[in-house]
Amino acid sequence: MTVDLQAREIKPLRNTFSHVAKYVGNDKPATRYQEGTFGAQPTANFHYRATWAPDFELFDVSRSAVVMEDWYSLKDPRQFYYGTWTMARARQQDAMEANYQFVESRNLVSKMPDALRTKVCEVLIPFRHVAWGGNMNNCFIAAYGYGTALTAAACLHAMDELGVAQYITRLALALEEPAVLDEGKQDWLNKADWQALRHMVEDIFVLSDPMEVFVAQNLALDGLIYPLIFGNFVDGHVALNGGTAVSMLSAFMLEWHEESNRWVDGVLKAAVAESTANSELIASWANQWAKRAHRALVPIAELAMANAGDAALGDVVSLLEARAKKIGITLQIA
Amino acid sequence: MSNVFIAFQANEESRPVVEAILADNPHATAVYSPGLVKIDAPNQLVVKRETIEEHLGQRYVLQQMHVNLVTLSGHIDEDDEQFTLSWKH
């Protein structure tokens with residue numbers, strides 16, 4: 010007896026769910042990102058309205074002044090859903106662990122000049138609280154924004170911000186004793202240099218428009234902080250003065266910032282392209298918050314890089330203005 | 270004129286690669302069979318890192334392609350930016 014084995018191809022009748030096919034067609038199989046995103050936003054038959062916000066449904070487009078015909082057009086160009094996002098972050102975490110091992114096994118931290126180590130702690134540690142603020146604000150976008158394309162990515166972004174706060178904490182513990190964390194918190198709460206920045210972070214906490222929070226936090230504030238602190242300060246100033254170890258231990262931050270910029274720019278570009286009203290609104294938010302972030306960072310830039318701070322801040326301002334131009338709005342910060 | 274080809278496992282990882290190849294090589298045709306995507310092209314086929322990154326939305330190192338590569342034919346010319354198959358020596 011012989012058994013004849015043959016491969017037989019079975020063509021599926023449908024390439025994806027019909028609610029996904031509405032957006033991407035049924036010609037070819039939808040990606041996991043598309044299947045996890047399109048049509049996932051609850052749109053009808055909500056439970057009663059919250060007593061503390063009787064003007065809104067649980068999910069309500071009118072929470073934002075930005076008007077979109079289709080909120081799913083605010084897609085994430087990185088196509089992150091839980092699976093791809095965790096895999097990408099796990100890879101980065103492995104790289105960071107390797108960096109820590111490299112720095113610790115060669116005792117690189119003790120080879121840094123003491124004054125530089127103190128300076129790094131003084132400048133970086135309060136940013137734990139800024140990153141935590143970023144976590145809060147992106148949680149807000151995830152909770153009150155509309156459309157899974159935006160809110161799911163905001164939720165991942167919120168966890169990333171928390172990760173940044175944790176990396177800063179771990180860096181501080183690698184450099185000094187745990188007491189520096191308390192000192193950093195005291196600086197954040199009381200030291201004059203930090204108050205404008207803290208005021209700004211806390212003012213974003215109480216905004217009620219998720220898209221305004223998005224512009225203020227993810228474009229204006231993070232768009233200036235990351236290149237200034239982790240670019241100019243850590244990778245430039247600190248590295249040149251014998252602190253390459255700090256660069257290695259904060260490698261994630263700039264890498265993540267550059268990656269997540271694609272998302273921030275992609276979302277805003279789509280919202281700006283939708284209508285002139287959106288474009289004017291987003292431009293006015295961006296100008297207002299970026300100017301404020303700039304003012305708040307002037308004392309920090311000076312604290313970090315003394316006389317060179319001003320020029321460094323000027324550099325990152327023009328970087329952000331160039332980014333805004335690509336998004337399709339005019340940003341005039343200084 | 271003879272064909273070169275490259276085949277990948279059909280999965281989510283190879284999908285942006287296949288899309289990028291088809292975008293960069295309008296003369297190429299993809300044949301989907303169970304678990305496999307084979308791309309045929311007359312004379313030459315080029316895989317570009319930049320296009321893959323556009324489709325993927327993330328950074329990509331061309332070597333990552335080998336994880337899902339099944340087979341290919343043609344002489345290889347490879348660097349960090351591109352991977353070209355052709356019959357040229």
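Which chain is which? The protein sequence lines are A and B, in order. Residue numbers 10 to 343, in my numbering, belong to the letters of the first sequence in order. Residue numbers 270 to 358, in my numbering, belong to the letters of the second sequence in order. For glycine and all other residues, C-beta sits at the position ideal for the given N, C-alpha and C.
Can you tell me which of Phe274/B, Val273/B, Ser283/B, Asn272/B puts its alpha carbon nearest to the alpha carbon of Val336/B? Ser283/B
Is the shortest distance between the beta-carbon of Arg87/A and the beta-carbons of chain B less than 8 Å? yes
Identify, in the order they occur along the chain, each residue of the same chain with its Cβ nearer than 6 Å to the Cβ of His324/B, setting aside the five sequence neighbours on each side. Pro285, Glu288, Ala289
Which residues mark the beginning and the end of the beta strand (DSSP E) in which Leu117/A is found? Run containing Leu117/A: none; DSSP gives neither H nor E here.
Note the first and the last residue of the continuous beta strand (DSSP E) segment covering Val315/B. 313 to 317
Is the stretch 300 to 318 of chain A in contact with the stretch 257 to 275 of chain A, if contact means three or more CB pairs nearer than 8 Å? no
Contact defined as beta carbons within less than 8 Å: I believe Asp85/A pairs with Ala158/A. What is the distance between those atoms, to the nearest angstrom? 7 Å
Leaving out five residues before and five after Tyr329/B in sequence, what residues of the same chain have Cβ atoms less than 7 Å from its Cβ? Arg318, Ile321, Glu322
Neighbour list for Ser271/B in chain A, Cβ cutoff strictly below 7 Å: The premise fails here: Ser271/B is roughly 26 Å from chain A at the closest Cβ pair, so nothing lies under 7 Å.
Excluding the 5 residues preceding and the 5 following His56/A in the sequence, name in chain order all residues of the same chain whose CB lies nearer than 7 Å to its CB. Leu67
Report the rounded CA-to-CA distance for Pro308/A versus Tyr301/B, giving the unit in angstroms. 60 Å
Within 8 Å of chain A by C-beta, residues of the stretch 325 to 345 of chain B in sequence order: Leu325, Gly326, Gln327, Arg328
Can you find a C-beta in chain B that's less than 8 Å from the C-beta of Thr40/A? yes
When Arg58/A, Val173/A, Ala74/A are compared against Leu290/A, the one with the closest alpha-carbon: Ala74/A
Between Val243/A and Ser259/A, how many whole angstroms is the CB-CB distance? I'm expecting something under 8 Å. 6 Å
Is Ala205/A closer than 8 Å to Ala305/A when the C-beta atoms are compared? yes
Where the stretch 269 to 283 of chain A meets chain B: residues whose CB sits under 9 Å from a CB there: Arg271, Trp272, Gly275
Backbone secondary structure at Asn144/A - three-state DSSP: helix
Under 8 Å by beta carbon: chain A residues contacting Glu319/B: Near Glu319/B there are no residues of chain A at all, since even the closest Cβ is about 14 Å away, more than 8 Å.
Chain B residues whose Cβ lies nearer than 8 Å to that of Glu18/A: Ser302, Pro303
Interface residues of chain B facing Ala97/A [CB-CB closer than 9 Å]: Gln327
Tell me the residue span of the alpha helix (DSSP H) that contains Phe277/B. Careful: Phe277/B lies outside any alpha helix (DSSP H), inside the beta strand (DSSP E) at 272 to 278.
Among Leu165/A, Asn296/A, Lys128/A, Ala331/A, the one whose alpha carbon lies nearest that of Gly143/A: Leu165/A
Quick check: the Cα distance between Trp294/A and Glu170/A, rounded to an integer number of angstroms? 22 Å
Mind reading off the beta-carbon distance from Val29/A to Gln43/A? Whole number of angstroms is fine, and I expect it under 8 Å. 6 Å
Could you check where the alpha helix (DSSP H) with Ser256/A kicks off and where it finishes? 253 to 258
Short of 8 Å in beta carbon distance, which residues of its chain neighbour Pro51/A, apart from the five on each side in sequence? Order them along the chain. Leu67, Phe68
Quick one: is Glu281/B near chain A, going by C-beta distance under 8 Å? yes
Please classify Ala310/B: does DSSP put it in a helix, a strand, or coil? strand
Check Ser293/A in the structure and name its three-state DSSP category. helix
Have a look at the DSSP bridge pairing and note the partners of Ile345/B. Leu354/B
Could you name the residues of the same chain whose beta carbon sits closer than 8 Å to that of Arg72/A, not counting the 5 residues immediately before and after it, in chain order? Phe65, Tyr153, Gly154, Tyr155, Ser217, Asp218, Pro219
How should His138/A be labelled, buried or exposed, when 16 other C-beta atoms within 10 angstroms of its C-beta is the threshold for buried? buried
What's the C-alpha gap between Ala282/A and Ser288/A? 7 Å
In this structure, how does DSSP classify Val340/B when only helix, strand and coil are distinguished? Residue identity differs from the one stated: residue 340/B is Thr in this sequence, not Val. Correct three-state label for Thr340/B: strand.
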